[in-house]
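Colleague: Chain order of the listed sequences is G and W. So that you can map any letter, position 111 of the first sequence is 111 in the working numbering, and since no number is skipped, the others follow by simple counting. Take any residue in the second sequence, note its place counting from 1, add 198, and you have its number in the working numbering.
Protein chains: 2
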Amino acid sequence: MMDGGQMANVKKEAKLNTLCYQCLGILLREPQSGYDIVKQLEPIRPVNTSQVYPTLTRLEKQGLVKSEELAQTGRPNKRVYTVTEDGRDVLTDWIGTEPDPPVLRDDFLTMLYSAWTKDPEEVVAMLERRLDYLHATMQWLETLLGEHRARYPEEIKNPRDWRFFRNVLLARRIANFQEEAVWSRGVIHMLKEAMSHD
Amino acid sequence: MMDGGQMANVKKEAKLNTLCYQCLGILLREPQSGYDIVKQLEPIRPVNTSQVYPTLTRLEKQGLVKSEELAQTGRPNKRVYTVTEDGRDVLTDWIGTEPDPPVLRDDFLTMLYSAWTKDPEEVVAMLERRLDYLHATMQWLETLLGEHRARYPEEIKNPRDWRFFRNVLLARRIANFQEEAVWSRGVIHMLKEAMSHD
DNA sequence: GAATCCATGTAATTGGTTACATGATTCA
DNA sequence: TGAATCATGTAACCAATTACATGGATTC
């Protein structure tokens, strides 16, 4: 309050990376520890503790989050982080700005890129294993989505509640995997067609 | 030929990253320069020259590619790289191994994750701008795919030709964008529904 | 006259992964 | 008895981006 002008400066100087905004977003839903964040972030963006802990320390130094030690019995103490007013402002100022184009890193597709050097049968086998992976991941995501919808049947309809966006973002990922499964089956079909003409 | 045993060792020691395999794959299609690789890689995986040039130097030191200077008139000389036998072996040995799970980096989705802090109208505006981006990118990819299919109508049917895989991989990216566009319109619809009930 | 294309690189910095260190509790 | 979960961190390394440097040819 007293040094509002200085705080505004801090806000403008801060150039944060994606992980910072992801941490702020997750902590705004509910205050929690670095360990919790890593687990919550797993379905969206796998990240290591060795990256999260220093990030939280940095955010605290910048005054965007604050923390307090929470004593626990039978397990190690927790350091629980909460988003400050400044942190919330930095996050909401960022939302709506022009994002960088999305980037997909997928070694499987890199392999397919040069799969013309392989026997078509081998490529079919690769795609079939990929389908197994896609189905397994989809089932996991569908379980998460089902639980979410069962637990918050009303909140997921309210765009002012974070559960609305968790609902649609989970649905999007599932649709994405579904679409890749359809495509994979199409490519398998094309490969088998071509093989039958030899 | 003389030191085949040593070469086999080199092959096994080499632990390459994704970019290395992408460079080997692109050079196996056709020998070309670092500059060419950056441009060819653009629709799949945007990468800087400052990462590609050192990578090619490293691959050459490992004997996986070889290069020769190509004199040009009216423009700078080119260093054209070609994949060696060892390089081809390293690449084909890698294809078919278990790939790391794919990772999507997308700041737009990170923004949506915390978009419950914003007015639903603002979120609708964000999604509509996203649709513009999606349509523009799709049109670009569809142009590339159309040209490819027109130029190689026979080759794209042959799974022993790299053009087959370029065809299906481009189609996959387009389907992906298409699917996200459908999803975006769905979310816009849900937001407008919720807004009308206030 | 300014911007873009062609062409190759180095240096500095940030982002991200892997390995290491510690230690109690719970479950198979 | 060994593995997994909870919990926090540091150190070393590899991956990737940004900035810098150079310079002729072409296009607007």
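Note that beta-carbon positions come from the ideal geometry of N, C-alpha and C, so glycine has one too. Treat the numbers as computed from the prediction; the structure is a model and nothing was measured.
1. With DSSP as the reference, label residue 205 (chain W) as helix, strand or coil.
2. Determine the DSSP secondary structure at residue 154 (chain G), reduced to helix, strand or coil.
3. Quick one: is residue 268 (chain W) buried, meaning 16 or more other Cβ sit within 10 Å of its Cβ, or exposed?
4. Looking at C-alpha atoms only, which residue of G:167, G:32, G:47, G:30 is the closest neighbour of residue 38 (chain G)?
5. One question on the structure: do residue 219 (chain W) and residue 110 (chain G) come within less than 7 Å of each other, judged by their Cβ atoms?
6. Going by alpha carbons, who is nearest to residue 107 (chain G) out of W:306, W:304, W:303, W:292?
7. Any Cβ of chain W within less than 7 Å of the Cβ of residue 71 (chain G)?
8. What is the DSSP secondary structure of residue 243 (chain W), counted as helix, strand or coil?
9. Got a sec: is the Cβ-Cβ distance from residue 329 (chain W) to anything in chain G below 7 Å?
10. Report back the beta-carbon spacing between residue 303 (chain W) and residue 103 (chain G) to the nearest angstrom; my notes put them in contact at under 8 Å.
11. For chain G, find out if any of its Cβ atoms is closer than 7 Å to the Cβ of residue 338 (chain W); answer yes or no.
12. Below 8 Å, can you find three or more Cβ-Cβ pairs linking the region 136-154 of chain G to the region 282-292 of chain W?
13. Given residue 10 (chain G), which residues of its chain have a CB within under 8 Å of its CB, disregarding the five upstream and five downstream residues?
14. Applying the 10 Å Cβ sphere with the 16-neighbour rule, what's the burial state of residue 358 (chain W)?
15. List the residues of chain W that residue 118 (chain G) touches, going by C-beta distances under 8 Å, in chain order.
16. Beta strand (DSSP E) containing residue 213 (chain W): first to last residue?
17. Roughly how many angstroms lie between the CA atoms of residue 317 (chain W) and residue 45 (chain G), to the nearest whole one?
18. What in chain G is Cβ-close to residue 356 (chain W), meaning under 8 Å?
19. On the DSSP bridge assignment, give the partners of residue 267 (chain W) in chain order.
20. I'd like to know if the region 123-134 of chain G and the region 177-194 of chain G are in contact, where contact means that at least 3 CB-CB pairs between them fall below 8 Å.
21. Should residue 199 (chain G) go down as buried or exposed, given a rule of 16 or more other Cβ atoms within 10 Å for buried?
22. Between W:272, W:380, W:366, which has its C-alpha nearest residue 173 (chain G)'s C-alpha?
23. Is the separation between the beta-carbon of residue 329 (chain W) and that of residue 248 (chain W) shorter than 7 Å?
24. Does chain W have any CB closer than 7 Å to the CB of residue 177 (chain G)?
25. Is there at least one Cβ from chain G nearer than 7 Å to residue 389 (chain W)'s Cβ?
26. Out of G:169, G:158, G:68, G:176, point me to the one whose CA is closest to residue 394 (chain W)'s CA.
27. Please state the DSSP three-state secondary structure of residue 260 (chain W).
Modeller: Quick look at the numbers:
1. Confidence in residue 205 (chain W) is poor, its pLDDT being 44 and thus under 50, which makes the residue's placement unreliable; the coordinate value appears in the next sentence. Shown here, residue 205 (chain W) sits in a helix according to DSSP, grouped into three states.
2. In the structure shown, residue 154 (chain G) sits in coil (DSSP, three-state: anything other than H, G, I, E or B).
3. When all chains shown are included, residue 268 (chain W) counts as exposed.
4. Residue G:47 is the option with its Cα nearest to residue 38 (chain G).
5. Contact flag set, yes.
6. Out of W:306, W:304, W:303, W:292, W:292 has the C-alpha closest to the C-alpha of residue 107 (chain G).
7. Answer no: the Cβ-Cβ gap between residue 71 (chain G) and chain W never drops below 7 Å.
8. In this structure, residue 243 (chain W) counts as coil in the three-state DSSP scheme.
9. No - not a single Cβ of chain G is within 7 Å of the one on residue 329 (chain W).
10. Rounded to whole angstroms, the Cβ separation of residue 303 (chain W) and residue 103 (chain G) is 5 Å, and the two are in contact under 8 Å.
11. Output row for residue 338 (chain W): interface = no.
12. The count of Cβ pairs closer than 8 Å, one atom from the region 136-154 of chain G and one from the region 282-292 of chain W, stays below three, leaving the stretches out of contact.
13. The predicted model places residue 10 (chain G) with a pLDDT of 46, which falls under 50 and marks its position as unreliable, so this point remains unresolved.
14. Looking at its Cβ environment, which holds fewer than 16 other Cβ atoms inside 10 Å, residue 358 (chain W) is exposed.
15. 290, 293, 294, listed in chain order.
16. It is not in any beta strand (DSSP E) - residue 213 (chain W) carries neither H nor E in the DSSP assignment.
17. Those two C-alpha atoms are separated by around 26 Å.
18. Within 8 Å Cβ-Cβ: 194.
19. Its beta-bridge partners are W:277.
20. Between the region 123-134 of chain G and the region 177-194 of chain G there are three or more inter-stretch CB-CB distances shorter than 8 Å, so the stretches are counted as touching.
21. Beyond the ends of chain G as shown, which are 1 and 198, falls residue 199 (chain G); an answer cannot be given.
22. Cα-wise, what sits closest to residue 173 (chain G) is W:380.
23. Contact annotation: residue 329 (chain W) and residue 248 (chain W) have beta-carbon atoms that are not nearer than 7 Å.
24. Taking Cβ atoms only, chain W never reaches closer than 7 Å to residue 177 (chain G), which makes this a no.
25. At least one chain G Cβ lies under 7 Å of residue 389 (chain W).
26. Ranking G:169, G:158, G:68, G:176 by Cα distance to residue 394 (chain W) puts G:158 first.
27. Assigned with DSSP and collapsed to three states, residue 260 (chain W) falls in coil, not helix or strand.
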